[in-house]
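Take a look at the structure below.
There are 2 protein chains.
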Amino acid sequence: MKQVIVVNEELNLPRGKLAAQVAHASVASLVSSEAEQQQSWFNVGMPKIVLAGENLSQLQELYEKCQELKIPAYLVQDAGKTVVEAGTVTCLGIGPATPEDIDKITGTLKLLK
Amino acid sequence: MKQVIVVNEELNLPRGKLAAQVAHASVASLVSSEAEQQQSWFNVGMPKIVLAGENLSQLQELYEKCQELKIPAYLVQDAGKTVVEAGTVTCLGIGPATPEDIDKITGTLKLLK
């Protein structure tokens, strides 16, 4: 089991803001998953991988694919009190799910450096 | 209720690595908290704040204070497959807990930019 977070790199978020948004995606996607998926992921040390996404429309497409394949996912919209406008989609959390399932969605994306 | 993640800025982690470590701290500290704390935090939208810590010894001191005050916390040690050496302490997750309790621990730290 693993979790993947895809970041909207069009926004070029500063480090602290980025980290908070990725953490939000991780927790919110976790909460949207089933107890069995959660436990399996905890048992293997909760691996999570942060990937670079291009822009909003890519994140929305990936999110729709997750919904089609019934993979837990959560699209983070920032509350917009700082840095970015309210409603801005900053990142997408996917899983926990099997690597096979997640790689169908994000297999071509690169690690966020 | 809120959650705070203190980053070991001595390591100067790259953005993707930093984000993954902060997400790990967030989830692990959440899992170490009680069901009532978790639910109260979910109810207010899971606020989380990322702060800049100076170095390992500061993070360890903060962690010990959390333990004394019985505030849920989790010190993240990296598995060390990339970027940093195995066992390196990258960040500290604190809470969910009340802002009053958390501010006793991290009240003097600055936001991570």
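Residue numbers (our numbering), protein chains in the order written: chain H, -17 to 95; chain A, -17 to 95.
Note that the Cβ used here is the ideal one computed from N, Cα and C, for glycine as well.
Predicted model only: the values in this text are computed from it and were never measured.
For K47/H, the uninterrupted alpha helix (DSSP H) run begins and ends at 38 to 50, by DSSP. Listed along chain A is no residue with a C-beta nearer than 9 Å to that of I76/H; the closest approach is about 13 Å. Close partners of A79/A in chain H (Cβ separation under 9 Å) are lacking, with about 15 Å as the shortest Cβ gap. By the neighbour-count definition (other C-beta atoms within 10 Å, threshold 16), Q19/A is a buried residue. Taking 9 Å as the cut-off, the Cβ atoms of G89/A and I53/A do not count as close. Assigned with DSSP and collapsed to three states, T88/H falls in helix.
In its chain, beyond the 5 residues on either side, M(-17) have a beta carbon closer than 7 Å to the beta carbon of T80/A. For the 9 Å CB-CB criterion, V58/A and V71/A form a contact. By the CB criterion at 9 Å, A17/H and Y56/H fall outside the cutoff.
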